[in-house]
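Sequential numbering of the sequence shown, starting at 24, is according to our numbering.
All C-beta atoms, glycine included, are put in the ideal place defined by N, C-alpha and C.
This report refers to the structure that appears directly beneath it.
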Amino acid sequence: MTGIAILQLQAAHSEVQDTLPRILQALEDAGKAGAALLVAPELATTGYGAGNVFAERAETVDGPSMRTLNAAVQRTGVALVIGFAERADEVLYNSAAVLRPGEPPLVYRKAQLYGAYEKACFAVPKVETVTTMVGGLRIGVLVCFDVEFPEHVRRLAEAGCDVVAAPTALPDSPPSRYIAMNVVPVRAFENQVFVAYADWAGSDARFGYAGLSCLAAPDGSTLIRGPANGDFFGVADVDPPAFEEWRRANPYLAELRRP
C-alpha cells in the first residue's frame, strides 16, 4: 500500500496568498504519516486569484518557491504535485510541478484553461502526458478543469496510471459542488484509477472556492473527503490490488471499441 496525502488550503481575502509555510508543514505531516505523495491545490504558491501579479510572481520550476519546496521534498522523502504559475518560453503557464525525492522536477501544463480569466492570464500549451513512479504507483497529472473532460483522465489511464493527481481551484457554486461530489468519483470509477483532487476553500479577493477535496477510488468511493471550508489535510493508503474485483467487473479499458 502507498500513502497519499491531500492538502486543501483556505484562501485569505487578498490577491496574493501566503501559503508556503502551510505547504511545508503538510510535507512534514505527510512524511510523519508515512505518505509517499502529497497533492496541493492549483496555483498554490500564489493563490488562484492573483491575476494582476502573476507576471511578477511567476517562476520557473527551479525558481525560489520551487527550490524551497524541493528541498523539503528531499528532506521528508515525500513527493509533491503542486500548482504554480510557471514562467517559460517568455510566457506564463498554469502548471503543476512534480517534485520527487532524488529525481529532477517535472512540469505539467494545464491543457484546458477555464474561462476568460485563465485565458487572459496564461498561454495555451501543447497537450502532454506527464507521468512518474511514486511509491510503486504510476502517477499522472492533470489540473482542475482537465478532469472534467473524460478524454484526459482516460488518456492517463491508458498510459498505465494508477493515480491521477489533480491540483484544482473549483469555484463555489452548485455545479462545482456536483463536480467535486459526483464527477470526480465517476472519473475514478470509469477509468479504474484513483483521483487525488486538492482544492482551495474560502474566498480570496476575486473568487470563492468549493473545498470538498477528495481522494476517489476505482469503486467510486471516497477515501478522503475534505470540508467545504477551512484548511484540511488528509492521508489514506492506496492499494490497487484491493480493487481488482471492480476492475474485473468493469473492464472498460480492455473492452473499449473504437471506430
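query, result
"Residue closest to Glu109, alpha-carbon to alpha-carbon, out of Arg80, Pro241 and Ala94", "Arg80"
"CA nearest to the CA of Ala73, picked from Val157, Ala259, Ala192 and Gln97", "Ala192"
"Residue range of the unbroken beta strand (DSSP E) whose run includes Val130", "Glu126 to Arg132"
"Reduced DSSP secondary structure (H/G/I, E/B, other) of Ala34", "strand"
"Nearest neighbour of Val96, chosen from Val114, Ala53 and Asp222 [CA to CA]", "Ala53"
"Cβ distance (whole Å) where Asp169 is taken to contact Ala203 below 8 Å", "Not confirmed; about 15 Å, so no contact."
"Arg177 to Asn214 span [Cα, whole Å]", "6 Å"
"Cβ neighbour criterion (16 or more within 10 Å) applied to Arg280", "exposed"
"Stretch pair the stretch 64–71 + the stretch 41–51: three plus CB contacts closer than 8 Å", "yes"
"CA-to-CA distance, Leu136 to Ala146, given in whole angstroms", "9 Å"
"Distance CB(Phe217)-CB(Gln31) smaller than 8 Å", "no"
"Cβ-based burial, Met156 [other Cβ within 10 Å; buried from 16]", "exposed"
"Inter-residue Cα distance where the pair is Ser226 and Arg200", "15 Å"
"Nearest-angstrom Cα separation, counted from Leu47 out to Gln33", "15 Å"
"Within 8 Å, strictly: CB atoms of Ile29 and Ala272", "no"
"As assigned by DSSP and simplified to three states, the class of Thr25", "strand"
"heavy atom of the ligand PLP below 7 Å from Thr155 C-beta", "Within the structure as shown, the ligand PLP is missing, as the structure has no ligands at all."
"Same chain only: Cβ atoms within 6 Å of Gly243, ignoring 5 sequence neighbours per side", "Pro208 and Phe212"
"Beta-carbon proximity check, Ala56 vs Gly100, cutoff 8 Å", "no"
"Other residues of its chain near Val261: CB distance less than 7 Å, five sequence neighbours each side excluded", "Met24, Thr25, Ile27, Leu160, Val186 and Phe217"
"Secondary structure of Leu66, DSSP reduced to three states", "coil"
"CB-CB length for Ser37 against Ala239, believed under 8 Å", "Actually they do not touch by this definition, with Cβ atoms about 31 Å apart."
"Pro190 and Ala233 closer than 8 Å at C-beta", "no"
"Opening and closing residue of the alpha helix (DSSP H) in which Met89 lies", "Pro87 to Thr99"
"Under 8 Å between C-beta atoms of Val166 and Tyr131", "yes"
"Pro197, DSSP secondary structure in three states", "helix"
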